[in-house]
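Asks: Have a look at this one.
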Amino acid sequence: MEDPSSSSSSFFSKSKQRVFQSTQMSLLFLFFFFTNFKPIDSATLLTPTPFDNFESVYDQHCSHIVPRNPSLSHRFDPSISSSSPSPFRLGYFRGGAPFLNQNPDSDYYGSTGYKSQSINFYPFNSVKTLTGDVYQFQANLNLRDTSVNTTRRRGLRLVRFRGPKSAIRRRLRFSLSGYWSESSRKLCMVGSGSAVFSGNQNSLSVVLKLDYPINANNIYNSLIIGSLESLDGSFEQISLMGFYQEQDLSYEYKLVGKEKNGCEEGIGESLSLENQDKCFVLNAIDPRFKFYCNGDDCDVLGKSLGFVPTHMFYHKTRCSTNETKWQMLLSFSNSTVDSPRFSFTPKSSFIAEGEWNAKDNRFCGFGCRVMNFTESFANAYVGDCTVGFNLRFPASFSLRNRSSVVGEIWNTTSIAKKIEFRSFDEDLLGVLGYQYKYSNEIDSETFGRTCGKKNMVKGRKGKAYPVEYSSDMRFDMSIRNRKGQVGWGYSTPFYVENQLYRPNQFYRVPTNSQQVMQTPKSSQSSLMNISYRMSLTFPTDFKLGGEGFSSNMEISAEGTYDRDTGVLCMRGCRNLASKTQNAVTNHTLDCEFTVFVQFSPLKANSGKNIKGSIESRRKKSDPFYFESLELSSNSLYSGQAAASIWRMDLEITLVLISNTLTCVLVGLQLFHIKSHPNVVPFISIVMLVLLTMGNMIPLLLNFEAMFVAKRSQQNVFLGSGGWLEVNEVIVRIVTMVAFLLQLRLLQLTWSSRQETESKKTLWNTETKVLYITLPIYIGTNSTSCLQYIDRHVHSLWEDLKSYAGLALDGFLLPQILFNVFSNSGEMALSPLFYTGTTLVRLMPHAYDLYRAHAYASYLDLSYIYASHKMDLYSTAWNIVIPFGGLLLALVIFLQQKFGGRCILPKRFRHNNSSSVYEKVPVVIGNDDL
Numbered sequence: 001m002e003d004p005s006s007s008s009s010s011f012f013s014k015s016k017q018r019v020f021q022s023t024q025m026s027l028l029f030l031f032f033f034f035t036n037f038k039p040i041d042s043a044t045l046l047t048p049t050p051f052d053n054f055e056s057v058y059d060q061h062c063s064h065i066v067p068r069n070p071s072l073s074h075r076f077d078p079s080i081s082s083s084s085p086s087p088f089r090l091g092y093f094r095g096g097a098p099f100l101n102q103n104p105d106s107d108y109y110g111s112t113g114y115k116s117q118s119i120n121f122y123p124f125n126s127v128k129t130l131t132g133d134v135y136q137f138q139a140n141l142n143l144r145d146t147s148v149n150t151t152r153r154r155g156l157r158l159v160r161f162r163g164p165k166s167a168i169r170r171r172l173r174f175s176l177s178g179y180w181s182e183s184s185r186k187l188c189m190v191g192s193g194s195a196v197f198s199g200n201q202n203s204l205s206v207v208l209k210l211d212y213p214i215n216a217n218n219i220y221n222s223l224i225i226g227s228l229e230s231l232d233g234s235f236e237q238i239s240l241m242g243f244y245q246e247q248d249l250s251y252e253y254k255l256v257g258k259e260k261n262g263c264e265e266g267i268g269e270s271l272s273l274e275n276q277d278k279c280f281v282l283n284a285i286d287p288r289f290k291f292y293c294n295g296d297d298c299d300v301l302g303k304s305l306g307f308v309p310t311h312m313f314y315h316k317t318r319c320s321t322n323e324t325k326w327q328m329l330l331s332f333s334n335s336t337v338d339s340p341r342f343s344f345t346p347k348s349s350f351i352a353e354g355e356w357n358a359k360d361n362r363f364c365g366f367g368c369r370v371m372n373f374t375e376s377f378a379n380a381y382v383g384d385c386t387v388g389f390n391l392r393f394p395a396s397f398s399l400r401n402r403s404s405v406v407g408e409i410w411n412t413t414s415i416a417k418k419i420e421f422r423s424f425d426e427d428l429l430g431v432l433g434y435q436y437k438y439s440n441e442i443d444s445e446t447f448g449r450t451c452g453k454k455n456m457v458k459g460r461k462g463k464a465y466p467v468e469y470s471s472d473m474r475f476d477m478s479i480r481n482r483k484g485q486v487g488w489g490y491s492t493p494f495y496v497e498n499q500l501y502r503p504n505q506f507y508r509v510p511t512n513s514q515q516v517m518q519t520p521k522s523s524q525s526s527l528m529n530i531s532y533r534m535s536l537t538f539p540t541d542f543k544l545g546g547e548g549f550s551s552n553m554e555i556s557a558e559g560t561y562d563r564d565t566g567v568l569c570m571r572g573c574r575n576l577a578s579k580t581q582n583a584v585t586n587h588t589l590d591c592e593f594t595v596f597v598q599f600s601p602l603k604a605n606s607g608k609n610i611k612g613s614i615e616s617r618r619k620k621s622d623p624f625y626f627e628s629l630e631l632s633s634n635s636l637y638s639g640q641a642a643a644s645i646w647r648m649d650l651e652i653t654l655v656l657i658s659n660t661l662t663c664v665l666v667g668l669q670l671f672h673i674k675s676h677p678n679v680v681p682f683i684s685i686v687m688l689v690l691l692t693m694g695n696m697i698p699l700l701l702n703f704e705a706m707f708v709a710k711r712s713q714q715n716v717f718l719g720s721g722g723w724l725e726v727n728e729v730i731v732r733i734v735t736m737v738a739f740l741l742q743l744r745l746l747q748l749t750w751s752s753r754q755e756t757e758s759k760k761t762l763w764n765t766e767t768k769v770l771y772i773t774l775p776i777y778i779g780t781n782s783t784s785c786l787q788y789i790d791r792h793v794h795s796l797w798e799d800l801k802s803y804a805g806l807a808l809d810g811f812l813l814p815q816i817l818f819n820v821f822s823n824s825g826e827m828a829l830s831p832l833f834y835t836g837t838t839l840v841r842l843m844p845h846a847y848d849l850y851r852a853h854a855y856a857s858y859l860d861l862s863y864i865y866a867s868h869k870m871d872l873y874s875t876a877w878n879i880v881i882p883f884g885g886l887l888l889a890l891v892i893f894l895q896q897k898f899g900g901r902c903i904l905p906k907r908f909r910h911n912n913s914s915s916v917y918e919k920v921p922v923v924i925g926n927d928d929l
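Okay, structure coming up:
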């Protein structure tokens, strides 16, 4: 609110009048509201807007299921009883042509996609009726049918790589109202909604009928059966099947205690969950398990799916109060990609129960199938509980075992062997306290000799290298074979000694090597045992040689790291890909190769911080032998990234100062020609065009003169979450102001030439200047083209931009030539303008000399001020260009003091054909400026 002392009396009187009028309107509204307010009947609230004839429509379609009853006003009851219709989000449907997929089981993309259905039914606003066991409800029903073909893959990093994907999405949404019978467990509702199909939205009127199980306190009564019908025949009837999962304390785990049939069998020590919240642990598990078997051996369901499953997904639905008994859904798939949600499909899904066996430290359970649903859902039931499974948490990791959860699944009616499944979940590592056991080989003589040779290289000791617990130990990398083909990947430590590698956990521990080096070391030895996880991705045409390779390779490795030399030497293992088309990846490991990585010193001035190799130890005749792979990485150390961000902040400030100074200097020149209007015609037009283009090109052609190209890569490396773009806007605004001022100076100079009597002579002189400077500029650009053809180091566009920057550095050359040809000694340029502009152009070269010594040149794409893409920068150029620029400024000073030809020998200074032009006053007023 404004201060009254700062307002006039007239303003105050108008404000009071408006407030009084507003108060009158508010009182008038309240009067009409209270005098005309009538209680709204609850039934009125529940009736959907499109149905003016709700009662007749309901009676026509639902009266034989749940007769309509008068509702009791003001008797809203959010939780009538435990037997009210429960919401459900897991289900399956079919039918609904033309809006829904008519062959959901065949609309499947195999290993490169997924098929997903979802039902979301949510009843609300329960109201009592005159009949005791009948209630009125509102509800929302959403049906979603999605088929996606994608090349998305799972990786080590939190970032998941996504390839091109095509999706078919069908969605139906409805708002419903109807009645529920508590005794018959039936629900009938009518309402309206819309269907999204082929990008078009269609309005629909429907009736929903649902039958809930009478006794839903066990696994055999878990299905909700119903249908959705169109009132106007716009789509075929949709059959619905929902999974009932209301949390009921009276629920009985019917399969718990069943004969185990080998559930306790198994090898390996397992973790105890004695002091753990078992329901929480089950929720934390990665719901995707991978089978380890071959071909038809993986078909635990007896070929009833129509495909051989490669993965199993689970979804927890219920957990007992004592946290020892669970209910879950299991689903089988042969897709290698993740669906965003669990999809309940009767053909490939099981309803399972089990309990935690504290003696053997494993979960044992059995699964039941949905039976008799092919023809109609009305007769579907839960049965055939012949699939058993167990899962456990290994007590320790090793080179050959990197799974956080392992288990087995089998069919109790088959003599086939058990199928092993595994998964890895980083969230469990810090919760369950896994240990790591190193193999004896890293202490062997052979391994010691191999790594010892790497450590014996001279010149490595005495420098600071990344510390084993720091975040500098993880890195992106590129993989190159002998043919020059390139793959990519990511590596991260797994365990250091027997401690889990988590440098950023809760931000309590040091994350970079400098911080870790300042903390007391737990071990005096610089040689540490370490294990790694590596994920590699190769293009389809990448040649490795040998067998057992796929486009994606996961490597587990363990070995030693010496912080005094930066040498990481490890033995690696990889899964061998199967030759069988329908087989899952064999649980066969190739552990006959070494991984060598050499970290650079923390303060190294190098473009690559990490170099190394992956070499097979097998004989060339071995089918699993592969050629050596070169490994390299440009990943920044944490200290380097922090220094780069600080430097970028400094350079942004320098860019702003530089552009602001340009505006000020051009303004001073404008005031100079206002005070000395007679000198305006003697300013070189070529020079002004050059300066104007220098500010215009970055704005119009987006040269990225102030900010380097590939900003998305820069943000990835430095984690700049968009703040750079904000500063770019500011710089662009200042650049625009400088451009407008330069354009104004050019316009005034051009206009002055038209008004002087010697304009023809002046333009002839300007033409001579252009004849000399234009070949120079073309020649330098031709040089860049020849260099591009010869070296191909940079793009032609980048070379042209660099030589354009060189032309701007010598912006005074056209003015010097103009003064020589016209023999002008006029002070056409303000001393502050030409000396200041010269310094603005030369300071980046001085800064680049400082930057080359103060910072490592590991990320030149982050250069903002003195960008190597916008001028010629090197030790030689950074000396030659400033010297040349200062020399040109000195020549201008001498010409404006002693005459335009004072720099020439005496015999060339006087020429009758070129005398000093007559001064014609040009009046420039305030309006012109």
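For the sequence shown, UniProt numbering gives the first residue as 1, with consecutive numbering after it. No residue lacks a Cβ here, since even glycine has one placed at the ideal position from N, Cα and C.
At which residues does the beta strand (DSSP E) containing F593 begin and terminate?
Replies: Residues 589-599.
Asks: Using DSSP's beta-bridge definition, name the partner residues of Y92.
Replies: In the DSSP output, where bridge partners are listed per residue, Y92 has M241.
Asks: Going along the chain, which residues of its own chain have a beta-carbon closer than 6 Å to the beta-carbon of L271, five neighbours each way excluded?
Replies: Contacts found: F393, A395, L432.
Asks: May I ask you to report which of helix, strand or coil DSSP gives V300?
Replies: In the structure shown, V300 sits in coil (DSSP, three-state: anything other than H, G, I, E or B).
Asks: So the candidates are T146, D52, G226, V680; which of them puts its Cα closest to the Cα of V196?
Replies: Checked all of T146, D52, G226, V680; the closest Cα to V196 is T146.
Asks: Taking its Cβ as the centre, do 16 or more other Cβ atoms sit within 10 Å of M371, making it buried, or is it exposed?
Replies: Per the 10 Å Cβ criterion, exposed.
Asks: Can you have a look at G383 and say buried or exposed, based on whether 16 or more other CB atoms are within 10 angstroms of its CB?
Replies: Exposed, because fewer than 16 other Cβ atoms sit within 10 Å of the Cβ of G383.
Asks: Spell out the partners DSSP gives M477 in its beta bridges.
Replies: G489, per the DSSP bridge assignment.
Asks: Answer yes if the segment 92-99 comes into contact with the segment 51-70, meaning at least three C-beta pairs across the two stretches below 8 Å, and no otherwise.
Replies: No contact exists between the segment 51-70 and the segment 92-99.
Asks: How about G430: is its Cβ closer than 7 Å to a heavy atom in the ligand ADP?
Replies: Here there are no bound small molecules, and the ligand ADP is not part of this structure.
Asks: Starting from M553, follow its DSSP beta bridges and name the residues at the other end.
Replies: Beta-bridge pairing links M553 to L536.
Asks: I'd like to check one pair, F121 with G242: are the Cβ atoms closer than 8 Å?
Replies: Yes; because the gap between Cβ atoms is below 8 Å, this pair is in contact.
Asks: If you count every other CB in all the chains shown that lies within 10 Å of the CB of L745, and 16 or more means buried, which is it?
Replies: Classification of L745: buried, given that the 10 Å Cβ count is 16 or more.
Asks: Does the structure place the segment 884-893 close enough to the segment 820-827 that three or more beta carbon pairs sit under 8 Å?
Replies: No: fewer than three Cβ pairs fall under 8 Å.
Asks: Going by DSSP in three states, L141 sits in which element: helix, strand or coil?
Replies: Reduced to three states, the DSSP call for L141 is strand.
Asks: At the level of alpha carbons, what is the spacing between M553 and I238?
Replies: So the two alpha carbons sit approximately 44 Å from each other.
Asks: Give me the Cβ distance between G367 and F342, rounded to the nearest whole Å; I'm assuming they're in contact under 8 Å.
Replies: Actually they are not in contact, since the Cβ atoms of G367 and F342 sit about 15 Å apart, beyond 8 Å.
Asks: Measuring CB atoms only, is the segment 651-661 touching the segment 861-876, in the sense that at least three cross pairs come out at less than 8 Å?
Replies: They touch, by the three-pair rule.
Asks: By the DSSP assignment, the alpha helix (DSSP H) with I892 in it spans what residues?
Replies: It spans 877-898 - the alpha helix (DSSP H) in which I892 sits, taken as one unbroken run.
Asks: Would you mind reading off the limits of the alpha helix (DSSP H) that contains M843?
Replies: First-last of the alpha helix (DSSP H) with M843: 831-854.
Asks: Going by the DSSP bridge assignment, what does A380 pair with across the sheet?
Replies: According to DSSP, A380 bridges with nothing at all.
Asks: Would you please state the rounded distance, in angstroms, between the beta carbons of C569 and C451? I believe it to be under 8 Å.
Replies: Right, the Cβ-Cβ distance comes to about 4 Å (below 8 Å), so this counts as a contact.
Asks: In whole angstroms, what separates the C-alpha of L839 from that of F739?
Replies: Answer to the nearest angstrom: the Cα atoms are 18 Å apart.
Asks: Going straight from the alpha carbon of H315 to that of F344, what length do you get?
Replies: Whole-angstrom Cα-Cα distance: 10 Å.
Asks: My output table needs one value for I733: the three-state DSSP class, helix, strand or coil.
Replies: Note: I733 maps to helix in three-state DSSP.
Asks: Would you mind reading off the limits of the alpha helix (DSSP H) that contains F373?
Replies: Counting along the chain, F373 falls outside any alpha helix (DSSP H), and DSSP gives it neither H nor E.
Asks: Name the one or two DSSP bridge partners that K128 has.
Replies: For K128, which the question treats as bridged, DSSP gives the partners Y135.
Asks: Within 10 angstroms of its Cβ, does R571 collect 16 or more other Cβ (buried), or is it exposed?
Replies: Result: buried.
Asks: Among G257, A416, I555, G430, which one has its Cα closest to the Cα of T492?
Replies: Taking only the C-alpha atoms, the option nearest T492 is I555.
Asks: Would you identify the three-state DSSP class for D871, choosing helix, strand or coil?
Replies: Here D871 sits in coil by DSSP.
Asks: Can at least three beta-carbon pairs, one atom from the segment 299-307 and one from the segment 274-283, be found at a separation below 8 Å?
Replies: No: the two stretches stay apart, fewer than three of their Cβ pairs being nearer than 8 Å.
Asks: Cutting at 7 Å between CB atoms, please list the residues of its own chain near S175, excluding the five before and the five after it.
Replies: Closer than 7 Å at the Cβ level, and outside the excluded window around S175, lie P48, N140, G191, S192, G193.
Asks: Can you name the start and end residues of the alpha helix (DSSP H) that L210 belongs to?
Replies: From DSSP, L210 is part of no alpha helix (DSSP H) but of the beta strand (DSSP E) over 200-211.
Asks: Under the rule that 16 or more other beta-carbon atoms within 10 Å means buried, what is A378, buried or exposed?
Replies: Result: exposed.
Asks: Report back the beta-carbon spacing between L690 and P814 to the nearest angstrom; my notes put them in contact at under 8 Å.
Replies: Going by Cβ atoms, the distance from L690 to P814 rounds to 7 Å, so yes, they are a contact pair.
Asks: With 16 other CB atoms within 10 Å as the buried threshold, where does L741 fall?
Replies: The residue in question, L741, is buried, as its Cβ has 16 or more Cβ neighbours within 10 Å.
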